[in-house]
Structures are given as C-alpha cells and as structure tokens.
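Chemist: So in this note's numbering, spot 122 of the sequence shown is number 128, and the numbers just go up one at a time.
Glycine included, every Cβ here is placed at the ideal spot set by N, Cα and C.
To start, I am sharing the structure in question, which I have written as structure tokens.
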Amino acid sequence: MLLLNIITISGILLNSFIVAVYIQDWRRHRAVVMCDQITFIMSFINVLLQLSLFMDGMFLLFGLYSQLPKEFFLCFLVLIFFLIDVGFWHTTWLAISYFTRLVHVSHPIFTRLKSYFPCSALPLLLGSATGSFLINIPYFFTTHFIIKEFASNESDIAMYSTEFHSSSILLHLVFGCCLPLSLTLICIGLCVRSLLSHVWRMRHNRGQYSSSPQLQALVQAAGTMILRVLLELAFSLCMTSLIATSFKMDQKTSLILWFLVVSCPTAQSIVLIMGSPRLKSRIL
C-alpha cells in the first residue's frame, strides 16, 4: 500500500508539473500547437484519475463503501471509467495528430483525413468526453453492487462485490478501449515506420553523420512513441481483464492488475516529460 501511495503521489506531482508548464507558457503567450493542447488535457485528466483512484483505495481500505449509499459507489465507478476512457481517446487524438504531421501519403483517403482534421483540439476533446460519458452511463443502471454484511474487519478491502451486465461491458470495451487502442497502434506504427525510414536514409547519406543531433532526435522520437504504445497496450489489457471479469479474480491477480492501472498514469507522465524538450528542460 505504501508503494502504491508513493507511485500515485509521484504521478499526481509529475502530471501537475506538466499542466503548470503549459499554463505558464500560455500566460506568456507562447505558441502552443495542437499536440501541446492534447498533452495538457491528458495530464490534467491523469491528475483527476489518480486522485479518484487514490480515494477509491481509501474507501476500500477503511470499508467506507459499505456505509455509503449504493448510488455513491456507482457514480464513483462511472467517474473512474469515464476518466480512463477519455485518457484512451486523448492518446488516440495525439497519435492521429502525429500521424498527420509525420506521415506523408498521397492516397485520397489520407488527404481527406488531413483536410478534415481540426486545427484546434477542442472539438476532439469535447467529442471524446461526451462519447466516453455516454458509453459509461449504462453501468449506473445495470451494475449489481453487493455488500458482504458478514465480512470481518481484517478483510475490509473485500467488503463488496460487483456484477457488470454483459451489454455494458461490451459497449465499454469496444468503444472505450479497443477502438481507440486500435487507432493508436495503427497511427503510431506508421509514424515509427516513417521516422525509422528517415533515419535509415540519413545514415546512408554521406553528408550526414550517425551522431548528428537531428538523427538522435528522430531515434528518440521513435523510441518515445514505442514506449507510449507499450504503456497504452498494458493499460488496456489490465482494464479489459478487470472489467470483463467484473473484478472477480483471485486477490493476488487483482492487486497486481490494479497496481499496474494505478502506475500507468505515472509512467505516462514520465514518458511525456522525457519525450518533450520543453518539459525536459524545465525539470532537469
């Protein structure tokens, strides 16, 4: 529990740092591109998510869910799932934004996608927030929440059980997890391929040296994108396993998966900072 609290607090501080940097830049009227707007909102959502997960852990630890109305638990459940799904979609919009900037394809579909992709992140963020809210509303009406009346004080952390309806699970996993993850994997995969192709061309160009700053920057960008994909994949697999089983696993497996879920926003903030020269220069 101590390690989990340390990771959570570290994630809150790191994501708050990212939010503070972008707010400071906006106040100084510095140019903030679409990727920066999405990164700012992603970090803000991660702060809210980790605060919510921390509160959920405290409610479980002290057995408070058994003393509160069922509706409170359901609202809190919808809030956590909403924040997680919004985070998935924000990562997808960031990946698509990278794709439209880095990958040059003359195919008509790509040209049309690039022309329709908005210059501002606001429509995308509002759309993903609305969609994530709608797909999680069914949990409030279909989830069975059972209090274990005879649980002992030593097992307060297991004083309740949940049963999710299959339709709610399917809707959530398809539109809140699998769809954004698939789009992210495709876009980041094409971006990494484009970057590595450019690196290969530079290394075979006699006018470029393998240690040139531009080449190193491209390699670092590709590595950052690969890390982001791995984190997103791990996060998605953990959430899919927990939701599909209605959190009904053996205690050890559930704790491991929940530990990974809580750790992912912290890891995302580290990757964001190390992959951004602006953020990296402020913290190092």
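#1: Do Ser275 and Leu20 have their beta-carbon atoms positioned less than 9 Å apart in this structure?
#2: At what residue ranges does the segment 72 to 127 contain a whole run of the beta strand (DSSP E), taking only runs of 3 or more?
#3: DSSP three-state label for His150, please.
#4: Along the alpha helix (DSSP H) that carries Phe23, what are the first and last residues, could you check?
#5: Below 9 Å between beta carbons: does that hold for Asp91 and Ile141?
#6: Suppose the cutoff is 6 Å on Cβ atoms and the five residues either side in sequence are ignored; what does the same chain contact list for Met18 look like?
#7: Would you kindly work out how many angstroms separate the C-alpha atoms of Ser58 and Ile192, rounded to a whole number?
#8: Pairs of beta-carbons, one from the segment 170 to 177 and one from the segment 89 to 103, closer than 8 Å: are there three or more?
#9: Using the three-state DSSP reduction, which class does Thr259 fall into: helix, strand or coil?
#10: Tell me which residue opens and which closes the alpha helix (DSSP H) that Cys41 is part of.
#11: Taking the continuous alpha helix (DSSP H) assigned at Lys254, which residues delimit it?
#12: Helix or strand or just coil, what does DSSP make of Ser287?
#13: The alpha helix (DSSP H) spanning His210 covers which residue range?
#14: Distance check for Gly69 and Ile249, CA to CA, integer angstroms please.
#15: Does the CB of Ile276 have a neighbour CB from chain D at under 9 Å?
#16: Run through the DSSP bridge pairs and tell me what Ser167 is partnered with.
#17: Under 8 Å by Cβ, that's how I've got Val198 and Ala223 pegged, so tell me the actual separation to the nearest angstrom.
#18: On a Cα-Cα basis, can you pick out the residue from Phe151, Thr246, Val277, Pro186 that is closest to Phe78?
#19: For Ala228, which of helix, strand or coil comes out of DSSP?
#20: In or out: Asp256 buried (at least 16 other Cβ within 10 Å) or exposed?
#21: Taking a contact to mean a Cβ-Cβ separation below 9 Å, would you say Leu278 touches Ser49 in this structure?
#22: Please report the distance separating the alpha-carbon of Thr148 from that of Leu239.
#23: Using the Cα positions of Cys183 and Phe241, report the straight-line distance between them to the nearest angstrom.
#24: Since Ala135 contacts Met40 with CB under 8 Å, what's their CB separation in whole angstroms?
#25: Can you tell me the Cβ-Cβ gap for His178 and Phe87, rounded? I've got them flagged as a contact below 8 Å.
#26: Between Ser269 and Ile24, which are expected to be in contact by the criterion C-beta below 8 Å, what is the C-beta distance as a whole number of angstroms?
#27: Apply the 10 Å Cβ neighbour rule to Ser158 and answer buried if 16 or more other Cβ atoms are within range, or exposed otherwise.
#28: On the three-state DSSP scale, how would you describe Ser282?
Modeler: Working from what's here:
#1: Contact check for Leu20 against Ser275 passes: the beta carbons are separated by less than 9 Å.
#2: Entirely contained in the segment 72 to 127, not one beta strand (DSSP E) run reaches 3 residues.
#3: Looking at His150 - three-state DSSP - the assignment turns out to be strand.
#4: Looking at the DSSP string, the run of the alpha helix (DSSP H) that includes Phe23 is 8 to 33.
#5: The criterion of a C-beta distance shorter than 9 Å is satisfied by Asp91 and Ile141.
#6: Checking the sequence, you will find Ile at residue 18 rather than Met. Contacts found: Val53, Gln56.
#7: Going from the Cα of Ser58 to the Cα of Ile192 covers about 30 Å.
#8: Segments in contact, no.
#9: In this structure, Thr259 counts as helix in the three-state DSSP scheme.
#10: Taken as a continuous stretch (DSSP letters only), the alpha helix (DSSP H) holding Cys41 covers 40 to 67.
#11: Per DSSP, Lys254 lies in no alpha helix (DSSP H) and is assigned neither H nor E.
#12: For Ser287, the secondary structure class from DSSP, reduced to helix, strand or coil, is helix.
#13: Counted as a single uninterrupted DSSP element, the stretch harbouring His210 is not any alpha helix (DSSP H), since DSSP gives it neither H nor E.
#14: In this model, Ile249 and Gly69 are separated by some 21 Å (Cα to Cα).
#15: Considering every chain present, this structure includes no chain D. It has just one protein chain.
#16: In the DSSP secondary-structure assignment, Ser167 is bridged to Ile152.
#17: Their Cβ separation, rounded to whole angstroms, is 14 Å, which puts Val198 and Ala223 out of contact at 8 Å.
#18: Phe78 has its Cα closest to that of Phe151, out of Phe151, Thr246, Val277, Pro186.
#19: It is helical.
#20: Burial call: exposed.
#21: Yes. Within cutoff.
#22: Between Thr148 and Leu239, the alpha-carbon positions lie close to 28 Å from each other.
#23: For Cys183 and Phe241, the distance between alpha carbons rounds to 10 Å.
#24: Contact annotation, Ala135 with Met40: C-beta distance approximately 17 Å; criterion of less than 8 Å not satisfied.
#25: Indeed, because the Cβ distance is near 7 Å, the residues count as touching under 8 Å.
#26: Actually they do not touch by this definition, with Cβ atoms about 17 Å apart.
#27: Note that Ser158 has pLDDT 46, beneath the 50 cutoff, so the model's placement of it is unreliable and no number is given.
#28: When secondary structure is reduced to three states using DSSP, Ser282 falls in the coil class, being assigned neither helix nor strand.
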